[in-house]
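Each remark here refers to the structure printed beneath this line.
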Amino acid sequence: MATDTLKRTPGAGGATGGLRRLLLENGALTALIVLVIAMSALSGDFLTTDNLLNVGVQAAVTAVLAFGVTFVIVSAGIDLSVGSVAALSATVLAWTATSHGVPVFIAVLLAVATGIAAGLVNGFLVAYGKLPPFIATLAMLSVARGLSLVISEGSPIPFPDSVSHLGDTLGGWLPVPVLVMIVMGLIAAFVLGRTYIGRSMYAIGGNEEAARLSGLRVKKQKLAIYALSGVFAAVAGIVLASRLSSAQPQAADGYELDAIAAVVIGGASLAGGTGKASGTLIGALILAVLRNGLNLLNVSAFWQQVVIGVVIALAVLFDTLRRKAGATPSAAGASPGGRGKQAGTYALAAVVTVAIVGATSFLHNGSSASADRRMGLSLSTLNNPFFVQIRAGAMAEAKKQGVDLTVTDAQNDASQQANQLQNFTSSGVGAIIVNPVDSDAASNSVKAADKADIPVIAVDRGVNNAKTAALVASDNVAGGELAAKSIAEKLGGKGKIVILQGQAGTSAARERAQGFENGLKAFPGIQVVAQQPADFDRTKGLDVMSNLLQAHPDVQGVIAANDEMALGAIKALGSKAGKSVSVVGFDGTPDGLKAVKGGSLYASVAQQPTQLGRIAVDNALKALDGEKVQQTVKVPVKVVTKENVAGFSG
94 MATDTLKRTP GAGGATGGLR RLLLENGALT ALIVLVIAMS ALSGDFLTTD
144 NLLNVGVQAA VTAVLAFGVT FVIVSAGIDL SVGSVAALSA TVLAWTATSH
194 GVPVFIAVLL AVATGIAAGL VNGFLVAYGK LPPFIATLAM LSVARGLSLV
244 ISEGSPIPFP DSVSHLGDTL GGWLPVPVLV MIVMGLIAAF VLGRTYIGRS
294 MYAIGGNEEA ARLSGLRVKK QKLAIYALSG VFAAVAGIVL ASRLSSAQPQ
344 AADGYELDAI AAVVIGGASL AGGTGKASGT LIGALILAVL RNGLNLLNVS
394 AFWQQVVIGV VIALAVLFDT LRRKAGATPS AAGASPGGRG KQAGTYALAA
444 VVTVAIVGAT SFLHNGSSAS ADRRMGLSLS TLNNPFFVQI RAGAMAEAKK
494 QGVDLTVTDA QNDASQQANQ LQNFTSSGVG AIIVNPVDSD AASNSVKAAD
544 KADIPVIAVD RGVNNAKTAA LVASDNVAGG ELAAKSIAEK LGGKGKIVIL
594 QGQAGTSAAR ERAQGFENGL KAFPGIQVVA QQPADFDRTK GLDVMSNLLQ
644 AHPDVQGVIA ANDEMALGAI KALGSKAGKS VSVVGFDGTP DGLKAVKGGS
694 LYASVAQQPT QLGRIAVDNA LKALDGEKVQ QTVKVPVKVV TKENVAGFSG
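Mapped onto our numbering, the consecutive letters of the sequence shown carry residue numbers 94 to 743.
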């Protein structure tokens with residue numbers, strides 16, 4: 094493996110045995126080389142300077158998080174909290190610097206101190222509280238994410254300009270996040286290979302009881318190990334927020350799994366005792382190359398998750414086979430000769446990769462399709478029927494116009510969407526259509542596309558502080574006002590209602606909530622007895638509504654920020670839905686319209702998502718052809734009830 098210097102097993106002689114040993118001892122590096130060669134052969138857009146720099150930027154946050162997780166895994170622990178700690182640290186920095194006027198330098202120190210404090214709590218719970226690392230860090234995952242939402246009140250906070258430069262480039266081409274990744278990697282390698290605490294990590298991971306009996310203060314070392322993980326998480330959070338120009342309370346959600354995957358793919362054992370910073374870096378690069386290449390090849394976002402899961406499973410399987418083959422890992426940096434041999438292996442791998450990739454690049458000379466007929470569409474999520482309908486409308490129009498449309502799923506992750514937009518820009522598509530996860534966070538990526546003379550069309554949600562050719566959208570605030578008016582009129586202007594809010598931190602949730610509030614001002618007899626987020630999710634809508642009914646069994650109406658939550662609420666209400674309790678949803682999805690027709694859902698504020706997708710593609714083509722495009726293209730919302738649902742097509 095790339096992360097371990099392995100001792101040869103006697104008897105495995107000959108050229109075949111030597112090659113076999115080389116591959117076994119450098120499995121992650123071999124996998125990275127194969128991936129780079131394969132992506133270069135399959136996509137002419139992969140092997141460009143801009144795209145390779147994109148890969149580095151996209152690997153940076155995961156790599157920095159993973160370096161910290163490496164310390165924990167080497168010592169036979171686990172840290173599930175790093176993603177949430179990263180978000181909390183960035184939120185503390187932005188909140189103190191922008192909302193309270195704290196000098197930026199002190200705010201940065203407070204952010205790092207937040208990471209250290211979270212790590213120390215983890216370490217204390219593990220070392221002195223005797224909690225399993227999985228449980229202790231899982232608790233911190235929830236606590237840190239909750240504190241991030243409390244501090245930010247669920248909304249992104251603008252990042253200080255002086256810190257946002259960490260997301261920029263040096264000399265107009267070298268990304269600062271890549272430099273931060275390299276520096277943090279060197280620090281991690283130094284800690285693991287050259288310090289007392291690094292040697293302690295390997296000793297504790299190899300045999301904790303033996304380490305204790307040999308005089309090692311295991312409990313204090315664990316405190317330090319988890320604190321180090323917190324420091325790296327804080328740095329990763331600052332870099333991520335710098336890229337997005339804002340601290341997102343939901344940022345880095347799920348990144349702890351990517352970080353652990355990078356460490357495991359890089360050759361570390363979850364049983365502890367093995368692992369190196371170089372291997373972790375290779376693991377992070379493998380994940381970044383996979384995602385970047387699969388985007389460029391227009392592979393479905395759903396299949397991308399399958400592929401990455403298979404890669405993680407194969408990495409662990411390979412490690413098992415390697416150990417069964419007789420290779421035994423030695424400690425990091427065990428000998429100067431071992432380090433020299435590893436450096437030679439990396440140099441040889443680089444030479445071979447450059448040679449083969451150079452040869453495959455000739456396959457694409459003059460073979461790329463016209464960029465004018467290629468477009469990219471980045472949707473905030475495809476785990477929602479509304480956005481699935483936008484995709485359907487866009488793809489139908491693209492097929493009609495002869496456009497090659499690549500669709501990606503940001504999975505409600507602003508950072509992942511930034512990566513996807515960068516991939517579109519570096520691949521030279523003719524136009525980009527974006528449905529932002531967050532209107533502020535998408536600005537830097539849209540600015541980069543504009544700089545490359547690629548027109549950007551925003552759909553459903555606008556992009557703040559950046560130039561777009563057009564915004565194709567419904568008015569979420571106006572739609573929210575219509576929803577409030579509908580429920581109030583249904584109840585005769587009097588009654589108790591609850592509001593199911595969308596995912597905290599998203600612009601759609603904020604705008605619709607504002608619309609609900611504005612609309613209800615005209616009906617003082619309507620009492621809002623509870624407002625709770627259900628994250629635009631049907632299951633959470635069911636759970637939250639079930640809980641609210643325990644405290645408010647006499648509720649007479651429900652407003653949900655989308656149809657999915659409304660359908661969950663209907664399930665919780667049972668026979669009350671459509672009879673003693675009226676429910677209003679938002680979006681006009683097929684399931685929502687079916688419920689309206691059946692009478693369980695009183696109304697849905699329909700945005701005609703299929704039309705949004707179709708019109709977005711049409712306007713992108715107009716922008717490409719140099720035709721005049723309206724700055725704002727409004728698709729009217731419509732309140733759909735049982736009376737008019739039969740004539741509504743969406």
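C-beta atoms are modelled at their ideal positions from N, C-alpha and C, and glycine is treated no differently.
It should be emphasised that the depicted structure is a prediction, and the values quoted were computed from it without experimental measurement.
Residue environment, Ile369, which counts as buried when at least 16 other CB atoms sit within 10 Å: Along the sequence shown, read from residue 1 onward, the residue named residue 369 stands at position 276. The amino acid occupying residue 369 in the given sequence is Lys; Ile does not appear at that position. Buried, by the Cβ-count rule.
Identity of the residue in Thr734, Leu146 and Ser136 nearest Asp680 by Cα: Translated into the one-based positions of the sequence shown, residue 680 becomes position 587. Taking only the C-alpha atoms, the option nearest Asp680 is Thr734.
Cβ neighbour criterion (16 or more within 10 Å) applied to Arg603: Counted from its first residue, the sequence shown places residue 603 at position 510. With 16 or more other CB atoms across the displayed protein chains lying within 10 angstroms of its CB, Arg603 is buried.
Beta-carbon proximity check, Met294 vs Phe160, cutoff 8 angstroms: Working through the sequence shown from its first residue, we reach residue 294 at position 201. Working through the sequence shown from its first residue, we reach residue 160 at position 67. Result no, Cβ atoms of Met294 and Phe160 do not sit closer than 8 angstroms.
N-terminal and C-terminal residue of the beta strand (DSSP E) that Asp497 is part of: Position 404 of the sequence shown holds residue 497. Asp497 to Asp502 is the span of the beta strand (DSSP E), which, as asked, contains Asp497.
Inter-stretch contact at 8 angstroms, needing at least 3 Cβ pairs: the segment 717-729 / the segment 487-507: No contact exists between the segment 717-729 and the segment 487-507.
Opening and closing residue of the beta strand (DSSP E) in which Leu564 lies: Within the sequence shown, the letter at position 471 stands for residue 564. Element bounds for Leu564: Ala563 to Ala566.
Ile652 and Val674 closer than 8 angstroms at C-beta: Position 559 of the sequence shown, counted from the first residue, corresponds to residue 652. Position 581 of the sequence shown, counted from the first residue, corresponds to residue 674. The beta carbons of Ile652 and Val674 sit no closer together than 8 angstroms.
Three-state secondary structure (DSSP) of Phe679: As a working note, residue 679 is residue 586 in the sequence shown. Three-state DSSP puts Phe679 in a strand.
Boundaries (first-last residue) of the beta strand (DSSP E) holding Val651: To locate residue 651, count along the sequence shown from 1; it is residue 558. Secondary structure note for Val651: its beta strand (DSSP E) is the uninterrupted segment Gly650 to Ala653.
Separation of Pro342 from Ser241, as counted between CA atoms: The residue given as residue 241 occupies position 148 in the sequence shown. The residue given as residue 342 occupies position 249 in the sequence shown. Taking the CA atoms as reference points, Ser241 sits about 5 angstroms from Pro342.
Assigned exposure category for Lys578 - 16 Cβ within 10 Å defines buried: In the sequence shown, the residue the question calls residue 578 occupies position 485. A residue is called buried once 16 or more other Cβ atoms fall within 10 Å of its Cβ, and Lys578 is buried on that count.
Given 8 angstroms, three or more beta-carbon pairs between the segment 611-619 and the segment 573-590: Short answer: they touch.
Inter-residue spacing [alpha-carbon to alpha-carbon] between Val527 and Ile708: Along the sequence shown, one-based indexing puts residue 527 at 434. Along the sequence shown, one-based indexing puts residue 708 at 615. Their Cα atoms are separated by approximately 13 angstroms.
Counted within 10 angstroms of its Cβ, other Cβ atoms place Gln643 as buried (16 or more) or exposed: Numbered from its first residue, the sequence shown carries residue 643 at position 550. Exposed: under 16 other Cβ atoms inside 10 Å.
Anticipated Cβ contact below 8 angstroms, Leu125 with Ile375, distance rounded: Here residue 125 corresponds to residue number 32 of the sequence shown, with the count starting at 1. Here residue 375 corresponds to residue number 282 of the sequence shown, with the count starting at 1. The pair is a contact, with the Cβ atoms about 5 angstroms apart (cut-off 8 angstroms).
As assigned by DSSP and simplified to three states, the class of Ser747: Past the boundaries of the shown model lies residue 747; the chain is included only from 94 to 743, so the question cannot be answered.
Proximity of Ala211 and Gly323 at Cβ, strictly below 8 angstroms: As a first step, residue 211 is located in the sequence shown; it is residue number 118 there, counting from the start. As a first step, residue 323 is located in the sequence shown; it is residue number 230 there, counting from the start. Against a cut-off of 8 angstroms, the Cβ pair of Gly323 and Ala211 comes out as a contact.
Distance between Lys672 and Lys690 (C-alpha atoms, nearest Å): Your numbering for residue 690 matches position 597 in the sequence shown. Your numbering for residue 672 matches position 579 in the sequence shown. Roughly 14 angstroms between the two C-alpha positions.
Option in Val236, Leu333 and Gly402 with minimal Cα separation from Pro270: By one-based count along the sequence shown, residue 270 stands at place 177. A check of alpha carbon separations from Pro270 across Val236, Leu333 and Gly402 identifies Leu333 as the nearest.
Stretch-stretch touch, CB-based, cutoff 8 angstroms, three pairs: the segment 234-249 with the segment 125-138: Contact fails: fewer than three Cβ-Cβ distances are below 8 angstroms.
Residue burial classification, Ala739 (beta-carbon count within 10 angstroms, cutoff 16): On the sequence shown, position 646 is the one that residue 739 refers to. That one is exposed.
Anticipated Cβ contact below 8 angstroms, Thr155 with Asp351, distance rounded: As a position in the sequence shown, residue 155 is number 62, starting the count at 1. As a position in the sequence shown, residue 351 is number 258, starting the count at 1. With a Cβ gap of about 5 angstroms, Thr155 and Asp351 count as contacting.
Residue range of the alpha helix (DSSP H) that includes Pro702: Translated into positions along the sequence shown, residue 702 becomes position 609. From DSSP, the alpha helix (DSSP H) with Pro702 extends over Pro702 to Leu717.
Within 8 angstroms, strictly: CB atoms of Ser519 and Thr141: Position 426 of the sequence shown, counting from 1, holds the residue named residue 519. Position 48 of the sequence shown, counting from 1, holds the residue named residue 141. Taking a C-beta distance under 8 angstroms as the contact criterion, Ser519 and Thr141 qualify as a contact pair.
Distance CB(Ala121)-CB(Ala364) smaller than 8 angstroms: Stepping through the sequence shown from its first residue, residue 121 is reached at position 28. Stepping through the sequence shown from its first residue, residue 364 is reached at position 271. Between Ala121 and Ala364, the CB-CB gap reaches or exceeds 8 angstroms.
Short CB-CB distance (under 8 angstroms) between Val150 and chain B: Judged by its chain identifiers, the structure shown contains no chain B, having just a single protein chain.
The segment 705-720 touching the segment 546-565, judged by at least three CB pairs closer than 8 angstroms: As far as the Cβ criterion goes, the segment 705-720 touches the segment 546-565, which means the pair count is three or higher.
Simplified DSSP assignment, three categories, for Gln724: By one-based count along the sequence shown, residue 724 stands at place 631. If DSSP states are grouped into helix, strand and coil, Gln724 belongs with coil.
Bridge partner(s) assigned by DSSP for Gly588: Taking the sequence shown and counting its residues from 1, the one referred to as residue 588 is at position 495. Looking at the DSSP output, Gly588 shares a beta bridge with Ile619.
Thr184 classed as buried or exposed, judged by whether at least 16 other C-beta atoms fall within 10 angstroms: Here the question's residue 184 lines up with position 91 in the sequence shown. Counting Cβ neighbours within 10 Å, Thr184 comes out buried, since at least 16 surround it.
Exposure of Ile199, with buried meaning 16 or more beta-carbon neighbours within 10 Å: As a position in the sequence shown, residue 199 is number 106, starting the count at 1. Ile199 comes out exposed.
Cα-Cα separation between Gln724 and Leu475, rounded to whole angstroms: The residue you call residue 724 lines up with position 631 of the sequence shown. The residue you call residue 475 lines up with position 382 of the sequence shown. About 26 angstroms.
Beta-carbon proximity list for Ala688, same chain, < 7 angstroms, skipping 5 on both sides: Taking the first residue of the sequence shown as 1, we reach residue 688 at position 595. So the qualifying residues of the chain are Leu660, Ile663 and Leu694.
For Val403, the three-state DSSP class (helix, strand or coil): By one-based count along the sequence shown, residue 403 stands at place 310. Helix.
Pick from Val722, Asp261, Val162 and Ala232 that is closest to Gly281, judged by C-alpha positions: Your numbering for residue 281 matches position 188 in the sequence shown. For the sequence presented, residue 281 should be read as Ala rather than Gly. When Val722, Asp261, Val162 and Ala232 are compared, the shortest CA-CA separation from Ala281 is found for Val162.
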